[in-house]
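Quick note on this note's numbering: the sequence shown kicks off at 316 and runs consecutively. Shown next, in structure tokens, is the structure this report addresses.
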Amino acid sequence: MKEWLRFIPAIHELKSNKSFQHILEHSGLDDLELTKQLRFLVDTIREQLLNESWSGAHPSSGAFIDELFGLLEKNVTQQYAYTLKRVINATGTILHTNLGRARLSQNAIFHMIDTARHYSNLEYKLEEGERGSRHSHIEVLLKVLTGAESAMVVNNNAAAVYLILRALAKDKEVIVSRGQLVEIGGSFRISSIMEESGATLVEVGTTNKTHLFDYENAINEHTKMILKVHTSNFKTIGFTKTVESEELVNLSSQHENIIFYEDLGSGVLYDFTQHRIGDEPVVKRIVELGADLVSFSGDKLLGGPQAGIIVGKKELVEKLKKHQLARVLRVDKMTLAALEGTLLDYLKGENGRMNIPTLRDMLWCKEEIKSRATDLIKKLLEMAPEYEVALMESTSQVGGGTMPDVELPTVVLTIKHPRVSSAALAKKLRVDCQPAIVTRVQNDELLIDLRTVEPEEEELILNALQIVGNSII
Ligand SMILES: *Cc1c(COP(=O)(O)O)cnc(C)c1O
316 MKEWLRFIPA
326 IHELKSNKSF
336 QHILEHSGLD
346 DLELTKQLRF
356 LVDTIREQLL
366 NESWSGAHPS
376 SGAFIDELFG
386 LLEKNVTQQY
396 AYTLKRVINA
406 TGTILHTNLG
416 RARLSQNAIF
426 HMIDTARHYS
436 NLEYKLEEGE
446 RGSRHSHIEV
456 LLKVLTGAES
466 AMVVNNNAAA
476 VYLILRALAK
486 DKEVIVSRGQ
496 LVEIGGSFRI
506 SSIMEESGAT
516 LVEVGTTNKT
526 HLFDYENAIN
536 EHTKMILKVH
546 TSNFKTIGFT
556 KTVESEELVN
566 LSSQHENIIF
576 YEDLGSGVLY
586 DFTQHRIGDE
596 PVVKRIVELG
606 ADLVSFSGDK
616 LLGGPQAGII
626 VGKKELVEKL
636 KKHQLARVLR
646 VDKMTLAALE
656 GTLLDYLKGE
666 NGRMNIPTLR
676 DMLWCKEEIK
686 SRATDLIKKL
696 LEMAPEYEVA
706 LMESTSQVGG
716 GTMPDVELPT
726 VVLTIKHPRV
736 SSAALAKKLR
746 VDCQPAIVTR
756 VQNDELLIDL
766 RTVEPEEEEL
776 ILNALQIVGN
786 SII
């Protein structure tokens, strides 16, 4: 093939081909960048000719030119594509940490876009024409929604825990029940974050039982804080005892300098127990009990952006705001905009709340999901009759390490293809489809749970299944 080398057209000749112009117009690349790509491709082909691995046409043929520009277009499409991309979550797990936890409401999204596109009064008081505080935009909303005196926001709840321990309990003792020394998501352990913060962890009680007297006995002149951690990602059952927040509030208030801080983990602003879902206390209740500080995530059951929300006593929150670390952990304007949008949705009552996808997904009842699944099956049987499909009762998970014991009743589609395994089918839906579709595979059946699928996305799933079905020979 070596002698074929001299038939490869020169770069300037290839550049004058109309296919080059076509790719230039459609890719958004400039001439220089696309020429670089072209050179690289021609070099690759040259090498393949030299080591006899080129399987294409002779370089003097028109077919070669077509192949070359086909490859160029493919390379460009692949190299300049986003790796962070949209996924349809057909697993039914609402706060899937690997799939980005909460989706945002329309209001949150529009507010974010507006804030990104234009200048804003992020740290500017329009009335006075003076410097303002970025905390001010969400503080009032959080105060109204939680009943707290003061509020601030940092990057995530892990950062909130760290800031609170570091700013308020460094070189002092913090009492935590052994039953609450949790690890969350692999890299976040209460014990490690405590060590990192410079506070001393004082463990009390046992794994299954901690009593009020365990806390009482641990208090001494070095004690600065009692920390209660919501054991959100696991449940202890059987012979257990934890001390209620109320009792810990009482205990800490008997001591002048002891702060009671509750890390609520998910932290809900909406009471799911009224629908008999889980037993998460609303943040407002913990604040009302008299907790000095409460922190929780923005992107778990609240349904907003990634954030760590801190609410509580004004004097303490002011200290946190002034601490050096607050600057390190501060959120950007996009997060604030998304959070403000989400919190305003809550304030609008039922209509507003139902704009928050996380809440909507939590509250879909089985009958609603079943009726959507039934419609989808009918369409699928028409469009792609080769699949074996059925409906099956199942449960959806909340995910994100929250409400581990809650199983939301649902109805899933079970799908099998006569010629490929369900694992292979699932992979095709993830890899070959745009947007990628992530499903559950269970007992060699592919399961689609519409709880986390938007009604507009059903059409995309149908089309994807049809295309994937056609590709299996
Ligand atoms: C999830 C969780 C965290 C960490 O929150 P992020 O917002 O993910 O950083 C901390 N504490 C508890 C109890 C949690 O459940």
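Where a beta carbon is used, it is the ideal one built from N, C-alpha and C, also for glycine.
Under the rule that 16 or more other beta-carbon atoms within 10 Å means buried, what is residue i, buried or exposed?
i, result
"Asn436", "exposed"
"Asn413", "exposed"
"Pro770", "exposed"
"His373", "exposed"
"Ala378", "exposed"
"Thr359", "exposed"
"Arg668", "buried"
"Lys400", "exposed"
"Phe322", "exposed"
"Val484", "The question names Val, but residue 484 in the sequence shown is Ala. Buried: at least 16 other Cβ atoms inside 10 Å."
"Thr522", "exposed"
"Tyr434", "exposed"
"Met316", "exposed"
"Asn366", "exposed"
"Asn422", "buried"
"Leu780", "buried"
"Glu722", "exposed"
"Lys629", "exposed"
"Glu595", "buried"
"Tyr661", "buried"
"Gly513", "exposed"
"His545", "buried"
"Ala325", "exposed"
"Gly784", "buried"
"Arg354", "exposed"
"Ala396", "exposed"
Does the distance from the C-beta atom of residue i to that of residue j stay below 7 Å?
i, j, result
"Leu349", "Leu320", "no"
"Val598", "Gly582", "yes"
"Arg755", "Thr406", "yes"
"Ala622", "Met427", "no"
"Ala417", "Gly618", "yes"
"Ile453", "Val476", "no"
"Leu410", "Gly613", "no"
"Glu577", "Lys543", "yes"
"Arg481", "Leu579", "no"
"Pro724", "Lys681", "yes"
"Val726", "Leu695", "no"
"Ile403", "Ile752", "yes"
"Val564", "Phe554", "no"
"Lys539", "Lys487", "yes"
"Lys790", "Pro719", "Beyond the ends of the chain as shown, which are 316 and 788, falls residue 790; an answer cannot be given."
"Leu527", "Val558", "yes"
"Ser334", "Phe384", "yes"
"Leu496", "Tyr530", "no"
"Leu387", "Leu356", "yes"
"Gly371", "Glu382", "yes"
"Glu536", "Leu604", "no"
Which partner residues of residue i appear in the DSSP bridge assignment?
i, result
"Ala466", "Val626"
"Phe503", "Ile499"
"Arg755", "Leu762"
"Ser706", "Strictly speaking, residue 706 in this sequence is Leu, with Ser absent from that position. Its beta-bridge partners are Leu728."
"Gly308", "As displayed, the chain neither begins before 316 nor continues past 788, which places residue 308 out of reach and without an answer."
"Arg645", "Val469"
"Ile574", "Met540"
"Glu488", "Thr515, Thr538"
"Asn332", "None, per the DSSP bridge assignment."
"Arg446", "Tyr439"
"Lys524", "Lys556"
"Leu723", "Ser711"
"Ile403", "Ile752"
"Val597", "Val583"
"Val735", "His732"
Round the Cβ separation of residue i and residue j to the nearest angstrom and send it over; I've been treating them as touching at under 8 Å.
i, j, result
"Thr729", "Val704", "7 Å"
"Leu635", "Leu478", "6 Å"
"Leu608", "Arg687", "Not confirmed; about 42 Å, so no contact."
"Ser789", "Ile625", "Here the chain has residues from 316 to 788 only, and residue 789 is not among them."
"Phe503", "Ala473", "5 Å"
"Lys731", "Leu761", "7 Å"
"Ala463", "Gly627", "6 Å"
"Glu772", "Leu691", "Going by Cβ atoms, the distance from Glu772 to Leu691 rounds to 11 Å, so no, they are not a contact pair."
"Leu616", "Thr717", "6 Å"
Counting pairs of beta carbons, one from the stretch 738-745 and one from the stretch 443-461, are three or more of them closer than 8 Å? By the Cβ criterion, the stretch 738-745 is not in contact with the stretch 443-461, since fewer than three pairs of Cβ atoms, one from each stretch, lie closer than 8 Å.
Contact between the stretch 385-392 and the stretch 729-739 is defined here as three or more beta-carbon pairs at a separation below 8 Å; is this criterion met? Cβ pair count under 8 Å is below three, so no.
If contact is defined by three or more beta carbon pairs under 8 Å, each pair taking one atom from either stretch, is the stretch 516-528 in contact with the stretch 478-494? A contact exists between the stretch 478-494 and the stretch 516-528.
Would you call the stretch 464-471 and the stretch 633-649 touching, i.e. three or more CB-CB distances under 8 Å? With three or more CB-CB distances shorter than 8 Å, the stretch 464-471 counts as touching the stretch 633-649.
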